[in-house]
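Residue numbers (our numbering): 4 to 471.
For glycine and all other residues, C-beta sits at the position ideal for the given N, C-alpha and C.
To start, the structure itself, in structure tokens.
Shown next, in the form of structure tokens:
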């Protein structure tokens with residue numbers, strides 16, 4: 004026997020008082036007037052809309068499942084498909100009808116649109132198989148915010164239910180869910196302010212993730228970038244979008260642009276541009292005792308962005324000083340997974356003083372499944388005297404002992420990561436370390452001991468023994 008699904012009539016289109024869930028007015032006529040006047044015919048009823056409480060339970064569970072899937076680097080396709088199906092059929096997307104005030108209605112619309120944008124972004128990463136660990140963690144953080152948002156929306160719905168639904172099994176389940184899973188609990192009067200705050204955090208996170216992947220240095224096809232541009236446009240102009248229209252644009256973009264790529268092929272890295280791998284060694288021979296510093300470009304030295312359809316880039320604080328100083332001790336090599344045309348456009352503007360000795364591009368990276376690996380053994384330099392600085396550990400996974408992982412930089416103008424790195428690099432070169440891998444291990448061990456001691460700046464006061 005099929006289980007009866009309970010639907011709850013929440014409000015009329017006239018947005019009645021919180022405890023009133025029918026749009027029909029009372030036609031009671033006082034006794035003094037009843038004898039002399041005939042009652043007026045009832046006005047035509049405005050249409051009500053229904054929210055399926057069981058579906059709300061399922062939607063919350065799906066969003067929580069997405070968080071778990073991305074945290075464990077598992078496929079989330081099933082959860083994503085279920086989310087689209089259930090939300091298509093549930094009137095939660097018209098939750099703004101609960102309120103009269105336009106400010107509240109706009110806040111609720113934003114929450115619903117941002118949920119769809121976040122799910123679309125996770126669908127892009129899941130289907131394309133282009134999501135590295137750092138990107139998946141960023142989307143995981145985003146989905147956790149969206150999960151908290153649905154809990155606030157559920158709480159808003161619960162506070163609009165009439166008293167007779169207090170013993171409804173699905174309502175009780177929802178009450179338990181919100182009570183146990185909300186990280187920020189507040190009164191019903193504060194829900195809207197909390198929702199607005201979380202909306203802003205979600206918008207900021209989505210824009211940062213999408214912009215990073217639309218960077219010309221990222222390894223994506225033009226069609227995939229168009230999906231991300233759609234997401235950016237919707238989030239940027241969210242106050243002008245109706246929920247249905249935004250969902251339509253996102254759904255079309257996902258279905259038309261995302262095709263599951265064949266793994267372990269060049270197609271899985273770029274659908275439209277096939278570049279032949281350059282022959283090794285990449286660099287001309289030089290003195291054996293030279294130190295080589297390999298630097299990533301995007302999100303390590305610069306950050307690309309678009310403004311009014313014009314490409315621009317920001318330079319990381321301390322970049323010019325860093326390049327000038329390290330060039331006194333190292334042969335400086337830029338190694339980017341970006342296309343040569345893009346990289347040269349950036350570097351021609353960044354390196355007026357010619358501190359950079361060589362440039363390596365996408366054709367110098369090894370296509371390994373879903374991204375390009377920077378194999379230092381193909382450069383043509385002694386690995387005992389070569390260091391790579393990159394914001395993605397996957398890029399130097401073939402020589403992890405040679406790598407320094409630097410934090411990703413977008414636009415924080417107070418960042419000082421490059422300048423903090425200078426003393427370590429200078430000490431290695433000045434002390435003529437025989438093997439940079441041993442020197443870097445020594446620094447890592449010192450930092451771990453400093454962290455164990457509870458030091459707030461474990462990267463400071465590091466030193467290199469003379470025998471390394």
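Query, Result
"CA-CA distance, residue 237 and residue 346?", "29 angstroms"
"Keeping to the same chain, check which residues put their C-beta closer than 7 angstroms to that of residue 244; ignore five residues upstream and five downstream.", "116 and 237"
"When the Cα atoms are used, what is the spatial distance from residue 365 to residue 342?", "6 angstroms"
"How would you call residue 113, buried or exposed, if buried means at least 16 neighbouring beta carbons within 10 angstroms?", "buried"
"Is it buried or exposed, residue 417, if we count other Cβ atoms within 10 angstroms and call 16 or more buried?", "exposed"
"Excluding the 5 residues flanking residue 340 on each side, which residues of the same chain have their C-beta closer than 6 angstroms to its C-beta?", "222, 365, 368 and 375"
"Which residues bound the beta strand (DSSP E) around residue 400?", "Looking at the DSSP string, residue 400 is not in any beta strand (DSSP E), and its letter there is neither H nor E."
"When you compare the stretch 377-389 with the stretch 284-304, are there three or more beta-carbon pairs, one atom per stretch, that lie closer than 8 angstroms?", "yes"
"Considering only the alpha carbon of each residue, which of 79, 120 and 332 lies closest to residue 251?", "120"
"Of the residues 322, 163 and 409, which one's Cα is nearest the Cα of residue 397?", "409"
"Between residue 154 and residue 179, which are expected to be in contact by the criterion C-beta below 8 angstroms, what is the C-beta distance as a whole number of angstroms?", "With 8 angstroms as the limit, residue 154 and residue 179 do not qualify as a contact, their Cβ atoms being about 12 angstroms apart."
"Does DSSP put residue 314 in a helix, in a strand, or in coil?", "strand"
"Check for me: the beta strand (DSSP E) holding residue 362 runs from which residue to which?", "361-363"
"With H, G and I counted as helix, E and B as strand and the rest as coil, what does DSSP make of residue 332?", "coil"
"Measuring alpha carbon to alpha carbon, tell me which of 401, 425, 195 and 234 ends up nearest residue 328.", "425"
"Quick check on residue 55: does DSSP put it in helix, strand or coil?", "strand"
"Taking 8 angstroms as the limit between beta carbons, can you name the residues of its chain near residue 93, skipping five residues before and five after?", "54, 55, 58, 59 and 62"
"Return the chain-ordered ranges of every alpha helix (DSSP H) run that is complete within the stretch 165-198 and spans a minimum of 4 residues.", "172-184"
"From which residue to which residue does the beta strand (DSSP E) around residue 431 run?", "First-last for residue 431: 420-433, but that is the alpha helix (DSSP H), not the beta strand (DSSP E)."
"Cβ atoms of residue 359 and residue 335: under 7 angstroms apart, would you say?", "yes"
"When DSSP labels each residue in this structure, what does residue 382 get in the three-state scheme?", "coil"
"With burial defined as no fewer than 16 other Cβ atoms inside 10 Å of the residue's Cβ, what is the status of residue 83: buried or exposed?", "buried"
"Answer yes if the stretch 99-106 comes into contact with the stretch 69-76, meaning at least three C-beta pairs across the two stretches below 8 angstroms, and no otherwise.", "no"
"Of the choices 301, 350, 433 and 466, whose alpha-carbon is the least far from that of residue 395?", "301"
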